[in-house]
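Enquirer: First the structure, then my questions, so here it is.
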Amino acid sequence: MPLDKAFQRGYYEEMVSLIRNLFGNALKTNDALQFAVLTGCLRISKESIFTGLNNLNVMTVSDPYFCDSFGFTDDEVRELLRFYGLEEFHNTMRDWYDGYQFGTASIYCPWDVIKYVQILLRDREAEPENYWANTSGNDLVRHFIEKANKNTKAEIEQLVNGGTIIKNIKKELTYREIDDSIENVWSVLFATGYLTQRGRSSGKQLRLTIPNKEIRELFIDLVKDWFKETSRADLSKIEKFCKAFPDGDAVLIEEMLCDYLWDSISVRDTAVRRNRKENFYHGMLLGLLQSQGNWLIQSNAELGEGYSDISICTSNRTEIVIELKYADDGNLEKGCREALKQIEERKYAIGLQRKGMKNIIKYGIAFCEKECMVAMA
Numbered sequence: 003m004p005l006d007k008a009f010q011r012g013y014y015e016e017m018v019s020l021i022r023n024l025f026g027n028a029l030k031t032n033d034a035l036q037f038a039v040l041t042g043c044l045r046i047s048k049e050s051i052f053t054g055l056n057n058l059n060v061m062t063v064s065d066p067y068f069c070d071s072f073g074f075t076d077d078e079v080r081e082l083l084r085f086y087g088l089e090e091f092h093n094t095m096r097d098w099y100d101g102y103q104f105g106t107a108s109i110y111c112p113w114d115v116i117k118y119v120q121i122l123l124r125d126r127e128a129e130p131e132n133y134w135a136n137t138s139g140n141d142l143v144r145h146f147i148e149k150a151n152k153n154t155k156a157e158i159e160q161l162v163n164g165g166t167i168i169k170n171i172k173k174e175l176t177y178r179e180i181d182d183s184i185e186n187v188w189s190v191l192f193a194t195g196y197l198t199q200r201g202r203s204s205g206k207q208l209r210l211t212i213p214n215k216e217i218r219e220l221f222i223d224l225v226k227d228w229f230k231e232t233s234r235a236d237l238s239k240i241e242k243f244c245k246a247f248p249d250g251d252a253v254l255i256e257e258m259l260c261d262y263l264w265d266s267i268s269v270r271d272t273a274v275r276r277n278r279k280e281n282f283y284h285g286m287l288l289g290l291l292q293s294q295g296n297w298l299i300q301s302n303a304e305l306g307e308g309y310s311d312i313s314i315c316t317s318n319r320t321e322i323v324i325e326l327k328y329a330d331d332g333n334l335e336k337g338c339r340e341a342l343k344q345i346e347e348r349k350y351a352i353g354l355q356r357k358g359m360k361n362i363i364k365y366g367i368a369f370c371e372k373e374c375m376v377a378m379a
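Count along the sequence shown from 1, add 2, and you get the number used in the numbering used here.
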């Protein structure tokens, strides 16, 4: 949207003036125009863009008007899948692209449905993807996450983990008012489709949640980026953390990792697959270690008879192998044992020895929510 880009790039006032003149000529004195529909995210009627236009009928996603007209309903998606012989993908389609509550209707994102059907017709093994990220700018969301305080971060974590939050939604919010309060983030996220409602609480308060897996994945990626940026800001602390790996200081690694977990937003939704849980911690640890520019760091590299989670060749030719586990039952000690056992059974270290590495350090790291344990062999 032009106003969104203008807000992000610092020429908002100029864009408001341009659009005011454009709409004035196109809508106000246009004898050839009988009816017009304008769509967008935030309300702009208070920006004096429509000077001279009266009786605008403004309808939002929480209103019951035309609630099934701007996306696909479940019946329409079923009919589409049936037409192309893709009925078995209905549950996947629903989990990834449904969940938007428009008035009283549950709506699928039509662009995502069409794109996924398009690829399935050529590859029935294709996994669902985040098509939203390729068509929608995430600058506004990142803008708020960077400004988030501890309470806001805790609420974002609650959402990412499948929960709901109750918030006051300002339907009349404009771009000029966005930065007045960090609480405006919820109105913006709701209006732009990153959050949807699951019923009212009282007055203008709505129960907000992430609508589906696609948007959840997008949030996780944004949160991981946020974590990397904020954690790298303390370079001396990162240096100390990384140095502990070739030094064999498992106690310090565990202590600092636990600190990072408690300061960050984690992903621990029990509804996601185990490998998705491990992926978050994998990405977090990889982001911290990659601050060492003179280390050769490989993720999921082929070693021995398998693929190690992380392998590191330091500047003094010390090789480090790291295997991660997510402890669903909370038994971190057991998770560390399983990680080290996998290193031995799949002969990761032997693969490195064949490459001429003499000093090899093996770490098994287990995570559960915001807790971790580090074991070394």
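Using N, Cα and C, we set each Cβ at its ideal position, and we do this for glycine too.
Would DSSP call Ser108 helix, strand or coil?
Expert: For this step, residue 108 is matched to residue 106 along the sequence shown. It is a strand residue.
Enquirer: Roughly how many angstroms separate the alpha carbons of Val162 and Glu347, rounded to a whole number?
Expert: For this step, residue 162 is matched to residue 160 along the sequence shown. For this step, residue 347 is matched to residue 345 along the sequence shown. For Val162 and Glu347, the distance between alpha carbons rounds to 35 Å.
Enquirer: State the CB to CB distance for the pair Glu280 and Val376, rounded to an integer number of angstroms; the pair is presumed to be in contact (CB under 8 Å).
Expert: Locating residue 280 in the sequence shown gives position 278, counting from the first residue. Locating residue 376 in the sequence shown gives position 374, counting from the first residue. Rounded, the Cβ-Cβ distance is 15 Å, inconsistent with contact.
Enquirer: Classify Ile184 as helix, strand or coil using the three-state DSSP reduction.
Expert: As a working note, residue 184 is residue 182 in the sequence shown. Looking at Ile184 - three-state DSSP - the assignment turns out to be coil, as it is neither helix nor strand.
Enquirer: As a quick exercise: from Gln300, Phe104 and Met61, pick the residue whose alpha carbon is nearest that of Asp70.
Expert: On the sequence shown, residue 70 is found 68 positions in, with the first residue counted as 1. Closest option to Asp70, Cα to Cα, is Phe104.
Enquirer: Can you give me the start and stop residues for the alpha helix (DSSP H) that Phe247 sits inside?
Expert: Numbered from 1 along the sequence shown, position 245 holds the residue referred to as residue 247. Per DSSP, Phe247 belongs to the alpha helix (DSSP H) from Leu237 to Asp249.
Enquirer: Please report how far the alpha carbon of Val79 lies from the alpha carbon of Pro112, in whole angstroms.
Expert: For the purposes of this step, residue 79 is taken as the residue at position 77 of the sequence shown. For the purposes of this step, residue 112 is taken as the residue at position 110 of the sequence shown. Cα to Cα, Val79 sits roughly 9 Å from Pro112.
Enquirer: Tell me the rounded alpha-carbon separation between Leu383 and Tyr118.
Expert: This structure cannot speak to residue 383, because the chain is shown only from 3 to 379.
Enquirer: Runs of 3 residues minimum, wholly inside the region 161 to 222: which ones carry the beta strand (DSSP E) assignment?
Expert: For the region 161 to 222, whole beta strand (DSSP E) runs of length 3 or above, ordered along the chain, are 167 to 170, 198 to 202 and 207 to 211.
Enquirer: For Arg339, which residues of its own chain have a beta-carbon under 8 Å away from its beta-carbon, when the five flanking residues on both sides are left out?
Expert: On the sequence shown, residue 339 is found 337 positions in, with the first residue counted as 1. Gly366 and Ala377, listed in sequence order.
Enquirer: Here's the rule I'm using: 16 or more other beta-carbon atoms within 10 Å means buried, otherwise exposed. How should Arg11 be labelled?
Expert: Against the sequence shown, residue 11 aligns to sequence position 9. Exposed, by the Cβ-count rule.
Enquirer: Does the region 95 to 110 come close enough to the region 209 to 217 that 3 or more CB-CB pairs lie under 8 Å?
Expert: Yes: at least three Cβ pairs fall under 8 Å.
Enquirer: Can you round the beta-carbon distance between Gly164 and Tyr110 to whole angstroms, since I take them to be within the 8 Å contact cut?
Expert: As a first step, residue 164 must be located in the sequence shown, where it is residue number 162. As a first step, residue 110 must be located in the sequence shown, where it is residue number 108. Actually they do not touch by this definition, with Cβ atoms about 19 Å apart.
Enquirer: Find out if the Cβ-Cβ distance for the pair Phe369, Lys336 is shorter than 9 Å.
Expert: For the purposes of this step, residue 369 is taken as the residue at position 367 of the sequence shown. For the purposes of this step, residue 336 is taken as the residue at position 334 of the sequence shown. Not in contact: Phe369 and Lys336 (Cβ atoms no closer than 9 Å).
Enquirer: Figure out for me which residue from Glu307, Gly205 and Arg209 has the closest Cα to the Cα of Gln199.
Expert: For this step, residue 199 is matched to residue 197 along the sequence shown. Answer by Cα proximity: Arg209.
Enquirer: Please report the residue range of the alpha helix (DSSP H) in which Glu340 lies.
Expert: Within the sequence shown, the letter at position 338 stands for residue 340. Counting along the chain, the alpha helix (DSSP H) containing Glu340 begins and ends at Leu334 to Glu347.
Enquirer: When DSSP builds the beta bridges, which residues end up paired with Ile362?
Expert: On the sequence shown, residue 362 is found 360 positions in, with the first residue counted as 1. Looking at the DSSP assignment, Ile362 forms a beta bridge with Glu321.
Enquirer: Anyone know if the C-beta pair for Ser310 and Gln300 falls short of 9 Å?
Expert: Residue mapping note: residue 310 aligns to position 308 of the sequence shown, counting from 1. Residue mapping note: residue 300 aligns to position 298 of the sequence shown, counting from 1. Yes. Within cutoff.
Enquirer: Return the residue from the list Ser203, Asp65, Gln344 and Asp76 that minimises the CA-CA distance to Leu305.
Expert: Your numbering for residue 305 matches position 303 in the sequence shown. The option with the nearest alpha carbon to Leu305 is Gln344.
Enquirer: Using a Cβ-Cβ cut-off of 6 Å (strictly less than) and excluding sequence neighbours within five positions of Asp114, which residues of its own chain qualify?
Expert: As a position in the sequence shown, residue 114 is number 112, starting the count at 1. Result list for Asp114: Tyr99 and Tyr133, in chain order.
Enquirer: Considering only their Cβ atoms, is the gap separating Ala246 from Leu237 smaller than 9 Å?
Expert: Taking the sequence shown and counting its residues from 1, one reaches residue 237 at position 235. Taking the sequence shown and counting its residues from 1, one reaches residue 246 at position 244. Result no, Cβ atoms of Leu237 and Ala246 do not sit closer than 9 Å.
Enquirer: Name the one or two DSSP bridge partners that Tyr328 has.
Expert: Along the sequence shown, read from residue 1 onward, the residue named residue 328 stands at position 326. Answer is Phe369, bridged to Tyr328.
Enquirer: Given that a residue counts as buried once 16 or more other Cβ atoms are within 10 Å of its Cβ, and exposed if not, what is Pro130?
Expert: As a working mapping, residue 130 is identified with position 128 in the sequence shown. It counts as buried.
Enquirer: Got a sec? Which residues, its chain only, sit under 7 Å from Tyr86 by beta carbon, not counting five neighbours each side?
Expert: Here residue 86 refers to the residue found at position 84 of the sequence shown. So the list reads Val119 and Leu123, once near-sequence residues are dropped.
Enquirer: Only counting the same chain, and skipping five residues up and downstream in sequence, which positions put a Cβ closer than 6 Å to that of Leu82?
Expert: Locating residue 82 in the sequence shown gives position 80, where the first residue counts as 1. Answer for Leu82: no residue qualifies.
Enquirer: Just the Cα atoms here: how many angstroms apart are Gly205 and Ile168?
Expert: Position 203 of the sequence shown, counted from the start, is the residue given in the question as residue 205. Position 166 of the sequence shown, counted from the start, is the residue given in the question as residue 168. Distance between the alpha carbons of Gly205 and Ile168 is about 11 Å.
Enquirer: Could you give the distance in angstroms between the alpha-carbon of Val323 and the alpha-carbon of Pro248?
Expert: As a working mapping, residue 323 is identified with position 321 in the sequence shown. As a working mapping, residue 248 is identified with position 246 in the sequence shown. Cα to Cα, Val323 sits roughly 11 Å from Pro248.
Enquirer: Quick check on the burial criterion: 16 or more other C-beta atoms within 10 angstroms. Buried or exposed for Thr316?
Expert: To locate residue 316, count along the sequence shown from 1; it is residue 314. Classification for Thr316: buried.
Enquirer: Tell me, please, which residues DSSP counts as bridged to Gly308.
Expert: Locating residue 308 in the sequence shown gives position 306, counting from the first residue. Per DSSP, Leu305.
Enquirer: Measure from the alpha carbon of Asp330 to the alpha carbon of each residue in Leu191, Glu174 and Lys372, then state which is nearest.
Expert: The residue given as residue 330 occupies position 328 in the sequence shown. Out of Leu191, Glu174 and Lys372, Lys372 has the C-alpha closest to the C-alpha of Asp330.
Enquirer: What number of angstroms, rounded off, separates the C-alpha of Tyr283 from the C-alpha of Lys364?
Expert: Here residue 283 is taken as the residue at index 281 of the sequence shown, counted from 1. Here residue 364 is taken as the residue at index 362 of the sequence shown, counted from 1. Approximately 18 Å between the Cα atoms of the pair.
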